[in-house]
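Colleague: End of the sequence shown sits at 628 in numbering that gives the first Met the number 0; the numbers just go up one at a time, nothing left out. From the three backbone atoms N, C-alpha and C, an ideal C-beta is built for every residue, glycine too.
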Amino acid sequence: MEGKSLGDAGSEVVIEERLVGEELSLLGFCDGRNVRVMPPAQDHKRLLENDAGPNTGGMGAIALSGPEALAQVRALADRFLLGACRGLAEEGAPFVGTLYAGLIMTKEGPKALEYNCRFGDPETQALLPLLESDLGEVMLACVQGRLDEYPLRWKQGACATVVLASEGYARDSGPDKPRAVADYGAGDDSYVFHGATRTSPSGDIEAVGGRLLSVSAWADSLPAASRAAYARLALIDLPRSRYRRDIGKGRSIAAGFASSSAAPSGSPPGKTSSAGSYAAAGVDIEAGEKAVELMTAAVRSTYGPAVLAGIGSFGGMYDASGLAGMEEPVLVASTDGVGTKVKLASRFGSFSTIGMDIVNHCVDDILVQGARPLFFLDYIASPKLDPAMVAAAVEGMSKACRESGCALIGGETAEMPGVYFPGEFDLAGAIVGVVEKSRRLPAEDVRAGDLLVGFASSGLHTNGFSLARSIFSDEDYQSCSDILGKPLHRALLEPHRSYLPLLSPVLEKEPGLIKALAHITGGGFEGNVPRILPGGLDALIHVDTWPMPALFKLIMEKGRVPGAEMYRVFNMGIGMVAVIAPENLGRLVSLVNEKSYLIGELAQGKGAVILDGLPDRAPKASPKGGSAR
Ligand code: GLY
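1) Exposed or buried, which one is I573 when buried takes at least 16 other CB atoms within 10 Å?
2) Does the ligand GLY have even one heavy atom less than 8 angstroms from the beta-carbon of A119?
3) Just to confirm before moving on: does the CB-CB distance between Y302 and G311 stay below 9 angstroms?
4) Between the C-alpha atoms of L134 and A140, what's the straight-line distance to the nearest angstrom?
5) What separation, rounded to the nearest whole angstrom, lies between the Cα atoms of E11 and M37?
6) If contacts are defined as beta-carbon pairs under 8 angstroms, then S300 and S397 qualify, I think. What distance do you get, rounded to the angstrom?
7) Under 8 angstroms Cβ to Cβ from Y419, same chain only, skipping five residues before and after it: list those, please.
8) Count the other CB atoms within 10 Å of the CB of R616; is the residue buried (16 or more) or exposed (fewer)?
9) Taking C-alpha atoms, which residue in L237, T544, Y99 lies nearest to Y114?
10) Less than 9 angstroms separating the beta-carbons of S251 and A227?
11) Note down, in chain order, each residue of its chain lying with its Cβ closer than 6 angstroms to the Cβ of M565, except the 5 sequence neighbours on either side.
12) Are there 16 or more other CB atoms within 10 angstroms of the CB of C29, so buried, or fewer, so exposed?
13) Taking the beta carbon of V19 as the centre, do at least 16 other beta carbons fall within 10 Å, making it buried, or is it exposed?
14) So which of G108, G453, F118 has the shortest CA-CA distance to Y596?
15) Nearest to L33 by alpha carbon, out of Y476, I61, R73, P618?
16) Would the region 317-326 count as touching the region 387-395 if we require 3 or more Cβ pairs under 8 angstroms?
17) For E22 and L307, what's the separation of their Cα atoms in angstroms?
18) Compare the C-alpha of L516 against each of E493, V568, L87, V362 and name the closest.
19) Tell me, please, whether the region 204-213 touches the region 165-174 by the rule of three or more beta-carbon pairs shorter than 8 angstroms.
20) By Cβ distance below 6 angstroms, which residues in the same chain neighbour L237 in space, the five residues on each side in sequence not counted?
21) Please classify M644: is it buried, with 16 or more other beta-carbons within 10 angstroms of its beta-carbon, or exposed?
22) By the three-class DSSP mapping on this structure, what secondary structure does R243 have?
23) Which class does C158 belong to by DSSP, given the choice of helix, strand or coil?
24) Just checking: is the beta-carbon of A392 within a distance shorter than 9 angstroms of some beta-carbon in chain C?
25) What is the DSSP secondary structure of D473, counted as helix, strand or coil?
26) What do you reckon, is the C-beta of E21 under 8 angstroms from a heavy atom of the ligand GLY?
27) Out of curiosity, what's the CA-to-CA distance linking A40 and F118?
28) If we count the other Cβ atoms within 10 Å of its Cβ and call it buried at 16 or more, is D473 buried or exposed?
29) Can you name, in chain order, every residue of its own chain whose Cβ lies under 6 angstroms from the Cβ of R85, other than the five neighbours on each side?
30) Which same chain residues end up closer than 6 angstroms to P372 when comparing Cβ atoms and leaving out the 5 residues on each side of it in sequence?
31) Can you determine whether any heavy atom of the ligand GLY sits closer than 8 angstroms to the C-beta of K248, and answer yes or no?
32) Quick one: grab the DSSP three-state call for S213.
33) Quick check: does the Cβ of N54 come within less than 8 angstroms of any heavy atom belonging to the ligand GLY?
34) Using DSSP with H/G/I as helix, E/B as strand and the rest coil, what is S24?
35) Please report the residue range of the alpha helix (DSSP H) in which M388 lies.
36) Does the separation of the CB atoms of A164 and I61 fall below 9 angstroms?
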């Protein structure tokens, strides 16, 4: 074997930088992709007060919880924990559990001294009493990869943990012979955690080792928590034991934050920005300019003669004189987002498709009021501006705008470090369209006996992603391709369909034929069809009249989602529903250039949607559809 053998041990001296500053234990729950940081904690390693004496396994700990402390550790977690979590995931070895970075808050900035894949001792005894959420639920969210959605809650305040050790600790490993712990009281603001103790055959608790037990108490402030911990400790009757008397009394984590500069350790020389500058806060103006350059051509491709001012101007300007030919033009406006589909898009780098999603979603929102789009404005927010990502998203938006004859006349790209996790982003948009007043939808003649015709969706569109993501594991993303005919992530990220090309010819050529349209978006049929029902009518929808697409079957089967829930959350294969008079069914079918489904009818009732034929389990074979053509 080449290189050094064990015999070389000692033949080399490693010189490491001595790190001076407060210690900080930075712990975070990790679900393989997301990190949720715990409040900052601090171990007290030395045996004696004022950090004198030999090193031990830990003689006490403190943890601080409150908005300020959590904001501080969130920024640290982005640097010290999230990178490891994402890096492992990218290498195909996602880590699920607790990550723990031992930091020293030096004057030059925080530096990592040690790194563990576990909780810390005794930090855990100070951290978990502050956890207001159920630890079991947190762990389940980690295992199921949905930690980002879990409402993790911490008590406000502080916790102090004092370790009670045998007299001879850390010199001796424990007492010569077991000694009974006579009493350790009870308290509702404190816990006693056992360490080197055991229950004797007679049922007594006996001290058998070095660090015997620890007392953790919590309160609104650290001094109050410390007082409560020592008060509880005073109740414990154990001769020949020792503990430190200064836990939570002198040193503080807050002092560590204050004394450690904001400059990240390891910043390349010359890149470290002066405190207070935009770049120091994580905002990169050059990247912003580059993003504008990359997206300009795509945006311009959506302009027609009506666009008087667009990219680069304070406000977009749209010449409305083109509407003068209309009798009574009514402007229709809507704003929307794409929900947690952005999570998948960022994970799989699918920015162009998510750009199409937001435009088409908005187009459909105003189409159901009979409007054709005029112009659209977008909003993209991310913690760190990635010009290529923004350009791809804008390129997708531009493509969808062109297909709908809509101008992309403005947008905002916001760089917001600390608000979103690195690598993530959010996307929203606003649209303005126009319709003749007399052709607004829903029309007033919607009545009992009218038919409901459904048009196919292209997938989940922009709804139900929180549920869908919680059902699929990393493995499924690799293995479900056979069922879907494409990788799972591609099926999920399939862009939202725009129904404008399909339905605007009908609305133009035969006004009045379509009486109403419902976009099946968040809330499914029950959340959307009532928006177009006049009072006193029910919508009866027979869910076995169209085939359930494979993606929905997969979600239902894998997540064991009840049928009623599926139809409440997802579009289930129908993204748009038209209301027509029965005598116009044949005409509609001949005008639209694709397969549509007669899915139900309107009847006298109370404004409810009644879903009939809800399946208990995902159907195996496609049911025979009540296809309208
Ligand atoms: N508190 C130090 C450790 O758990 O490693």
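Modeller: According to the data block:
1) buried
2) According to the sequence shown, residue 119 is Gly rather than Ala. G119: yes, Cβ under 8 angstroms from the ligand GLY.
3) no
4) 10 angstroms
5) 39 angstroms
6) 6 angstroms
7) A380, S381, P382, D425
8) exposed
9) Y99
10) no
11) M555
12) buried
13) exposed
14) G453
15) Note that residue 33 is Asn in the sequence shown, not Leu. For the residues Y476, I61, R73, P618, the minimum Cα distance to N33 belongs to R73.
16) no
17) 59 angstroms
18) V362
19) yes
20) V180
21) Past the edges of the chain, shown from 0 to 628, lies residue 644, and the structure says nothing about it.
22) coil
23) strand
24) Considering every chain present, this structure includes no chain C. It has just one protein chain.
25) helix
26) no
27) 11 angstroms
28) exposed
29) none
30) V362, S403, C405, I430, G432
31) no
32) strand
33) no
34) strand
35) 386-402
36) no
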